[in-house]
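S.K.:
Residue numbers (my numbering), protein chains in the order written: chain A, 33 to 324; chain B, 21 to 256; chain C, 239 to 544.
1. Using the Cβ count rule (16 or more neighbours within 10 Å means buried), how would you classify residue 422(C)?
2. According to DSSP, residue 460(C) sits in a beta bridge with which residue or residues?
3. State the Cα-Cα distance for the pair residue 180(A) and residue 292(A), rounded to the nearest angstrom.
4. Chain C beta carbons: is any one of them nearer than 7 Å to that of residue 168(A)?
5. CB-CB under 7 Å to residue 74(B), same chain, minus the five flanking residues each way: which ones, in chain order?
6. Could you have a look at residue 220(A) and say whether DSSP puts it in helix, strand or coil?
7. Check the Cβ of residue 132(A) against every Cβ in chain C and list those closer than 7 Å, keeping chain order.
8. At a Cβ cut of 8 Å, what residues of the stretch 109-135 of chain A count as close to chain C, listed as they run along the chain?
9. Leaving out five residues on either side along the sequence, give the residues of the same chain with a beta carbon under 6 Å from the beta carbon of residue 282(A).
10. Might you give, ordered along the chain, the residues of its own chain that have their beta carbon closer than 7 Å to the beta carbon of residue 537(C), omitting 5 neighbours on each side?
11. If we call anything under 7 Å between Cβ atoms a contact, is residue 363(C) one with residue 462(C)?
12. According to the neighbour-count rule (16 or more other Cβ atoms, all chains shown, within 10 Å of its Cβ), is residue 375(C) buried or exposed?
13. Specify, as a first and last residue, the run of the alpha helix (DSSP H) that residue 248(B) falls within.
14. Report yes if the CB atom of residue 398(C) is closer than 7 Å to the CB atom of residue 535(C), and no otherwise.
15. Please classify residue 419(C) as buried or exposed, where buried requires at least 16 neighbouring CB atoms within 10 angstroms.
16. Tell me which same chain residues have a C-beta within less than 6 Å of the C-beta of residue 125(A), skipping the five on either side of it?
17. Compare the beta carbon distance of residue 342(C) and residue 466(C) with 7 Å and say whether it is the shorter of the two.
18. When you compare the CB of residue 320(A) with every CB in chain C, is at least one pair closer than 7 Å?
19. How many Å lie between residue 471(C) and residue 143(B) at the Cα?
20. Shorter than 7 Å from the beta carbon of residue 124(B) to some beta carbon of chain C?
21. Which residues does DSSP pair with residue 152(B) in a beta bridge?
22. Give the C-beta separation of residue 89(A) and residue 159(A) to the nearest angstrom, bearing in mind that I take them to be a contact with Cβ-Cβ under 8 Å.
23. Can you find at least 3 beta carbon pairs, one from the stretch 192-204 of chain A and one from the stretch 73-81 of chain A, that sit closer than 8 Å?
24. Roughly how many whole angstroms lie between the Cα atoms of residue 250(A) and residue 155(A)?
25. Going by C-alpha to C-alpha distance, which of 539(C), 522(C), 529(C) and 531(C) sits closest to residue 138(A)?
26. For a test of the three-state rule: what should DSSP assign to residue 513(C), helix, strand or coil?
27. Check the Cβ of residue 519(C) against every Cβ in chain A and list those closer than 9 Å, keeping chain order.
28. Starting from the beta carbon of residue 285(C), find every residue of chain D whose beta carbon is closer than 8 Å, and list them in chain order.
29. Is the distance from the Cβ of residue 351(C) to the Cβ of residue 277(C) below 7 Å?
30. From which residue to which residue does the alpha helix (DSSP H) around residue 80(B) run?
31. Could you round the C-beta distance between residue 116(B) and residue 153(B) to whole angstroms and report it? I think they count as a contact, below 8 Å.
32. Anything in chain C within Cβ reach of residue 262(A), meaning under 7 Å, just list it in chain order.
33. In terms of residues, what are the limits of the alpha helix (DSSP H) holding residue 152(A)?
34. Once DSSP output is grouped into helix, strand and coil, what is the label at residue 210(B)?
35. Do you know how far the Cα of residue 62(B) is from the Cα of residue 180(B)?
36. With three or more beta-carbon pairs closer than 8 Å as the criterion, would you say the stretch 215-227 of chain B touches the stretch 241-253 of chain B?
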């Protein structure tokens, strides 16, 4: 396959990669929070993203207003769902072997996907709101992708502010570093777990709402995002905020670059190979962070 | 190597910015009991982990019977005759007491089974041989762990805080067993906070502080050593 | 009761062997699929039930088996018997390639790596169109061999269950379990966990490959979407979890009971049955993590041979 790569193409691809990467980073941040605080791998993370996407779809379908405003609905709704799931189910396996939480969230994910299939059907949905691109010089930036990136960055900044500046945020970070010490220092660990799961779900929902404007929505769309979020965490190191950012950008770049030479489907295989390679060579992530 | 069973030379281990073990050296002769003491966080368990292959040291070498063992996997180190216990009891909970011992040995099934039963009798756990490891009491698990240690007749035994949480009767029993080891040609290195155990058992004691070996010698000498006293009571 | 068990088992096997002589076509096909699920669930048990390393992508081995066999049947005119065995071998090779790097990862990382595997296989199969027919799949020459495939699946189910018996009652099996219990301690006891995990993984990939090949022959047509779906992995997992992971008859019980319920009840409500699978997984993990037989084993001090 001979592809002539011009600097313009390269620049375009790099920028597209960074735009997509920001979105991956925000979603992965959620997964990383759950893992860092509770040592739980939330296989249902992508499923919650999918539900967020559906909220946006129905928002636009029924209300006809700007779908980006649906973030105000999807994030709180999924926060609640996440909190409920944690309180009702996930809480019971936090101390158990990791196998249990994996299987539990896997079961939850299946159940939720099928509720979605049952209620929303498997028909592909889309939100036709923004098409076309911004043209800046020789580059064309897809409008929806650029705006998604902007929102992603804003939400990530908000999350960062929350984690660093608020009491609850600090409690979350403390628990993520050492839950026993946090407990001894008077941190209400169960409450921290509850809010972490809720917050992470809200982040996933944000991701879902943002991609809803860009891709086809269907009940099984979440799985690939769970996988990619995990890849981002592995690339950037778990429990590491800057790492999630870096990991997300890296993933976005790698995907876009490989799409120059390979079909999009095969670039998924590339992501997979990347994951396995990083896990083997540098299990603590490229930036270090917690070794599990 | 001059007849040393274990030789640790200038081993260093860092975790990020923290140096847990710094240029540590020690030599162990066959058929002797040694102690390793030091305040909490002085690097004793890290040193154990480097010797047994759980951690990869950053610098230095470790020799067992003249052969370099640093860089080997824990299972490989174990197979060469180095066995250990952990600070937390690590008995296999869903295996029976007998099975806990069986998995350790490579001998043919019947021979391994006989040895396992013999060892269980030795630690008076034979009537519990079909009980799940997780159902045993703390003291019984300690004994099981001890028996498991002996399944392959190891030459070097590393004990990480064997007296922790153990009642005086059981402790006396364990110590009595340990005292037999030098005569059997076994060498033991014990990490302990219980000074009575160390003083009563060990021929030589090593002292670690902040990852450095600050003293080594017979127990009486160590007791009077100013640096050692300061390490425990002084700057901390 | 315990002494009667081998006799009862022998009787059951004889009855099953004679079944096709008296059963309807539907009955034969029903049992044929049941045997397939027993083989699949039992295989998942060998890796995930014993070592605790959750394989979320196990359908990749099944799908690989279907394709290897289908290609050999259509392009090299192999008989479906040897072709299915070749499917098993192909699956085992895949397990070696993936397992050797991935089993070195800690449990959760391994699980996620496996999650991606089946998707990647589906993508690869679609990509190499020349060999695999890509998205259009492969059509096998028409052949009515339900009864023969019944016996082949029966044999596969018996073989895997027999393998489970020999493994679980041996020291090899005990060592696999120590990996599940406490991998660090197992290593300290001299058990080369990496090697043991790999052996278990290879063993667990073989039977899915074989029954995959048989499935391909039975269906007469395969395509990527049909043979790599997450649902097959989900079903394997539910069956083993429900029946009792880490036991010998647990997967058999789980496969038999859930398949029967699925065929008779749930297949009418398409989404309901997957939803129920998810719910069962959640319930089993929370309330009955050892599964039906696991609970009985603990409660009544049954031997490992259960």
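The beta carbon of each residue, even a glycine, is placed where N, CA and C say it ideally should be.
M.R.: Let me lay it out:
1. exposed
2. 376(C)
3. 22 Å
4. no
5. 94
6. coil
7. 523 and 527
8. 121, 124, 125, 128, 129, 130, 131, 132, 134 and 135
9. 267
10. none
11. yes
12. buried
13. 246-249
14. no
15. buried
16. 132, 133 and 136
17. no
18. The predicted model places residue 320(A) with a pLDDT of 45, which falls under 50 and marks its position as unreliable; any figure quoted below should be read in that light. Taking Cβ atoms only, chain C never reaches closer than 7 Å to residue 320(A), which makes this a no.
19. 46 Å
20. yes
21. 116(B)
22. 6 Å
23. no
24. 7 Å
25. 522(C)
26. helix
27. 135, 136, 138, 139, 140, 142 and 143
28. The structure shown contains no chain D; its protein chains are A, B and C.
29. no
30. Residue 80(B) -> not in any alpha helix (DSSP H); beta strand (DSSP E) instead, spanning 79-84.
31. 7 Å
32. 350
33. 130-152
34. strand
35. 14 Å
36. yes
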